[in-house]
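1704 is the number that the working numbering gives the last residue of the sequence shown; the numbers go up by one with no jumps.
Here a beta-carbon is modelled for each residue, glycine too, at the ideal position from N, C-alpha and C.
Below is one structure, written out as structure tokens, with a few remarks after it.
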Amino acid sequence: MSDRLTVALQYLLPKRLLTVLAGRFASASLGGLTTAVIRWFVPRYGVNMAEAAEPDIGRYPTFNAFFTRALRPGARPLATADLVCPVDGAISQLGPIDGERIFQAKGHDYTATALVGGDATLAAPFVNGSFATIYLSPRDYHRIHMPCDGELRRMIHVPGDLFSVNPATARGVPGLFARNERVVCVFEGARGPFVMVLVGATIVGSMATSWHGVVNPPRPGTVRSWDYAPGAVRLAQGEEMGQFLLGSTVVMLWPAPGVRFGAEWRDGRPVRLGEAMGRFGAG
């Protein structure tokens, strides 16, 4: 859906109702109507179906099935690096965490505590660490993969707003990523804890993880949390960890001494799953 149409619909319909309606359509098997919408969507957003495991538009029973389509084998080889990019998208921001303040856009930041749902103890290891925020546009592949090996320790569903997360909104809405609905995934890796936050947005029907399935809905309006024993969920670098059913943004946090990002990693740059993101260490 275009950014202009998304903004227009936000004024015409309550965001929650808009999300429910979009989610119901996206998950419905509507035969020729579904195929027609996908056939319009592909050229409108420049989706490269040659990369898809199933390139035939007519084979997708629902819009969600198309939107979360798998890639053909070999489409995204993994680089040899401490950290690889977990998604296709564009870099929104990245760099050092200033105390616990995370840069969003000129004039706007938010805290790590707010991002993870208000848990200061959970946020404490990331003080003066590093962060990276990647925006997924409608054209992008919408499965999320692991930047490095990790064992899941905790998952938190944080209720919130459903603002658009496109770059223009990120420049204009204070604390956007700590205000929108989100799923916080806490992992333990070889260099300590790290966090991957899946941030929802207008028109995002739901978010899912590989170990839990669909996390939202339901949306009870309160924080929900799941704890996982060591070894219960182990994911290797590059392995799928989640999906956006109508995409959004991923925010990643690492503890000090942080991450030295590749020289080519800069704000606004398009990135692809599997490319080298950086290495552990001061930077």
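Query - L1666 versus L1492 - alpha carbon distance - result: Each residue's alpha carbon lies about 16 Å from the other.
Query raised in the report: Is the CB-CB distance between F1615 and L1573 below 8 Å?
Result: no
Query raised in the report: Using DSSP with H/G/I as helix, E/B as strand and the rest coil, what is L1674?
Result: strand
Requested in this report: Decide if L1454 is buried, meaning its Cβ has at least 16 other Cβ atoms within 10 Å, or exposed.
Outcome: exposed
Report task. Examine the ligand NAD and report whether any of its heavy atoms sits within less than 7 Å of the Cβ of I1518. Result -> Among the components modelled here there is no ligand, and therefore nothing to report on the ligand NAD.
Query - Alpha-carbon spacing of L1499 relative to M1576, whole angstroms - result: 26 Å
**Report entry** Distance between S1551 and A1611 (C-alpha atoms, nearest Å)
**Finding:** 16 Å
**Report entry** Outcome for F1701 when other beta-carbon atoms lying within 10 angstroms are tallied against a minimum of 16
**Finding:** buried
Query raised in the report: Over what stretch of residues does the alpha helix (DSSP H) that includes I1459 continue unbroken?
Result: G1453 to Y1466
**Report entry** Own chain partners of F1598 with C-beta closer than 6 Å, once the 5 adjacent residues on each side are dropped
**Finding:** V1620 and V1672
Query raised in the report: What number of angstroms, rounded off, separates the C-alpha of K1527 from the C-alpha of G1467?
Result: 30 Å
Query raised in the report: For the alpha helix (DSSP H) that L1543 lies in, which residues bound it at each end?
Result: A1541 to A1544
Report task. Using three-state DSSP, classify M1567 as helix, strand or coil. Result -> DSSP, reduced to helix, strand and coil, places M1567 outside both helices and strands of the structure shown, so it counts as coil.
Query raised in the report: Distance, Cα to Cα, A1535 vs G1596?
Result: Near 9 Å, if we compare the C-alpha coordinates of G1596 and A1535.
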